[in-house]
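Data first, discussion second: the structure below is written as structure tokens.
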Amino acid sequence: MKILLGVTGSIAAYKAYDACRMMIKDGHEVIVVLTKGALRFIKKETFTYLGAKRVFSHEDDFTEQLFDGPVLHISLAKWCEKIIILPLSANTLAKIAHGQADDLLTSTLLSSSETPVLLYPAMNTQMLLHKRTAQNISLLKEFPYYHFHSTDEGLLACGDTGEGKLPALEKIKTLYEWLPACSLEESQVKKILITTGATISPIDPVRYITNGSTGITGMYMARKFLQQGHHVDLFCGIHSTKEIDYLKEFKHVRIFRCSTTKEMAKKIQQVRENCDLFIAAAAVSDFEFAYRPSKIKKEALRLNEMNLSYEMAEDILLSFLKVKKEHQLSIGMAAESKDHGTHYFIEKWMRKKTDLLIGNYAFHQYGDENEVPLSMGFGQESNGYYFIEEGQVLQNNISLSKNQLANEIYQWFLTKKAVYDSTI
Ligand SMILES: Cc1cc2nc3c(=O)[nH]c(=O)nc-3n(C[C@H](O)[C@H](O)[C@H](O)COP(=O)(O)O)c2cc1C
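Under the working numbering, the first residue of the sequence shown carries the number 2, and numbering increases by one thereafter.
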């Protein structure tokens, strides 16, 4: 992707070095434009050393610095596919909000028509909360292609504590990489419901049974659908990866963290009716213990007097399949331990006839000799997947990263949707 990285005069400007390096490392072409204010904090040359394609400063429109055409701000606006201003000062924010164009960066912004602009404000809390700044942010939010990233709370460079910090790189990355490239027409927008991660089955106030699912799989799926302009309701476990929360920066996502299967089932029941696609990727607890309100004492554990009673938890996917409407598509996931053969996947499909069932093997192998447990599936970036439709294994153990799996699912959904639409 061709990124124009604008850097302005915030104390956080030095963090633009790392952000620029990250973007280049991720395979993007980056042109940097520094404001007059930015030059009080950082150096132009450093971006060149870090690999930026070109680096310009505020007055370069008038210094015969050419790039792809006779007028610099026009050629820059035509060249870039995304504009990222990181950090964004209160001053430049005010200028952009009021359509000013008194330096290279603001002139470029005014010359770009609907290029997505991603703004990362960073300033003192008072500046951020000032009515004028709030008004300026609201003005820009009226434009569909302007996106604001929220700031972090913490100790600021000036010594105050509060809102206004530039977010960490990993957070920055989520939105700039996955910001929807297009906004879909209303009729094209689909509602996707995804469950991911593990629920817990509490025994007493301090103990519970769970599994090793981290929620990464569903997170990648949610990101893919959000990037394509769809709306996502994501249900995850309370301990699922914190990266899931970074998705809150997207406009059309709702994230529901759930502890027990019962809680997840109840919340899903309230929203499942309107979804176009239901993806059950969560490893939910299949049973729920009769909860003991006070901690079970060690003595009772020793004497084997726990007498744990439990009941089967609601099968969230099965419940959905029972009430599913004709246009709604469903994807189930099945995780088996390695000793179980593919017929277990088929057997699951026979019980829950989803439009697509994705099987994979998942386990943690613990033991004294393994300082870190050996894992497959859980918490790993890739795995072997089995795609089952109509009780037939169509793809047998194809190796995919979880990101690739999300892409496959997205393509599958488009195809199925097109087939359905052609029949009505
Ligand atoms: C030490 C220092 C730190 C500053 N930090 C910030 C900041 O974090 N955010 C901000 O909006 N302005 C900050 N300012 C004020 C801006 O640098 C000033 O408004 C400048 O005109 C911004 O120029 P620009 O918008 O052209 O980059 C700071 C100023 C100083 C002297």
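Glycine included, every Cβ here is placed at the ideal spot set by N, Cα and C.
Computed from a predicted structure; not experimentally measured.
Three-state secondary structure (DSSP) of residue i
i: Cys-159; result: coil
i: His-231; result: coil
i: Asn-398; result: strand
i: Asn-308; result: coil
i: Asp-69; result: coil
i: Cys-21; result: helix
i: Gln-325; result: According to the sequence provided, residue 325 is Lys. The question's Gln does not apply to it. DSSP places Lys-325 in coil when its eight states are reduced to three.
i: Asp-405; result: For clarity, residue 405 is Gln in the given sequence; the question names Asp instead. Here Gln-405 sits in helix by DSSP.
i: Gly-38; result: coil
i: Lys-16; result: helix
i: Gln-429; result: Given a span of 2 to 425 for the chain in the structure shown, any question on residue 429 remains unanswerable.
i: Ile-43; result: coil
i: Glu-164; result: strand
i: Ile-84; result: strand
i: Glu-300; result: helix
i: Gln-189; result: helix
i: Glu-348; result: helix
i: Gly-219; result: helix
Beta carbon of residue i nearer than 8 Å to that of residue j
i: Ala-17; j: Ile-43; result: yes
i: Val-207; j: Lys-296; result: yes
i: Ala-282; j: Met-222; result: yes
i: Ala-91; j: Thr-134; result: yes
i: Lys-192; j: His-232; result: yes
i: Leu-194; j: Phe-414; result: no
i: Ile-317; j: Val-272; result: no
i: Ile-4; j: Lys-83; result: yes
i: Asn-408; j: Gly-385; result: no
i: Gly-230; j: Ser-188; result: no
i: Gly-160; j: Thr-152; result: no
i: Ile-389; j: Asp-356; result: no
i: Ile-86; j: Thr-9; result: yes
i: His-131; j: Thr-109; result: no
i: Ala-335; j: Leu-358; result: yes
i: Ser-113; j: Ala-78; result: yes
i: Leu-406; j: Thr-196; result: no
i: Lys-225; j: Tyr-421; result: no
i: Val-39; j: Ala-13; result: Residue 39 is actually Ala in this sequence, not Val. Not in contact: Ala-39 and Ala-13 (Cβ atoms no closer than 8 Å).
i: His-150; j: Leu-119; result: yes
Beta-carbon contacts of residue i that lie in its chain and below 8 Å, excluding the five residues immediately before and after
i: Phe-290; result: Ser-202, Pro-203, Ile-204, Ile-210, Leu-309, Ser-310 and Tyr-311
i: Leu-227; result: Trp-179, Pro-181, Val-233, Leu-248, Phe-251, His-253 and Val-254
i: Asn-212; result: Ala-199, Ala-284, Ser-286 and Phe-379
Those residues which DSSP pairs with residue i across a bridge
i: Asp-103; result: Paired residue(s): none; Asp-103 is not in a bridge.
i: Ala-281; result: Thr-196 and Gly-333
i: Arg-208; result: Asp-205
i: Val-33; result: Leu-6 and Val-56
i: Phe-149; result: Leu-120
i: Met-128; result: In the DSSP output, where bridge partners are listed per residue, Met-128 has none listed.
i: Leu-89; result: Pro-122
i: Tyr-386; result: Ile-399
i: Gly-360; result: Ala-335 and Tyr-387
i: Gln-393; result: Glu-390
i: Glu-154; result: Glu-164
i: Met-313; result: Phe-288
Nonlocal neighbours in the same chain, by C-beta distance under 6 Å from residue i, ignoring five residues either side
i: Gly-198; result: Ser-214, Gly-216, Cys-237, Gly-238, Ser-241 and Ala-283
i: Leu-94; result: Asn-137
i: Leu-51; result: Cys-21 and Arg-22
i: Gly-155; result: Lys-166
i: Thr-262; result: Thr-200, Val-285, Ser-286 and Ala-314
i: Ala-123; result: Ser-11, Ala-13, Pro-88 and Leu-167
i: Tyr-147; result: Val-118 and Leu-141
i: Gly-380; result: Thr-215
i: Ala-266; result: Glu-315 and Ile-317
Neighbourhood of residue i by C-beta distance below 7 Å, restricted to the same chain and skipping five residues each side
i: Gln-66; result: Phe-57 and Leu-73
In chain order, each beta strand (DSSP E) run of at least 3 residues that lies wholly inside the segment 236-298 = Fully enclosed beta strand (DSSP E) runs of 3 or longer: 254-259, 278-281 and 288-290.
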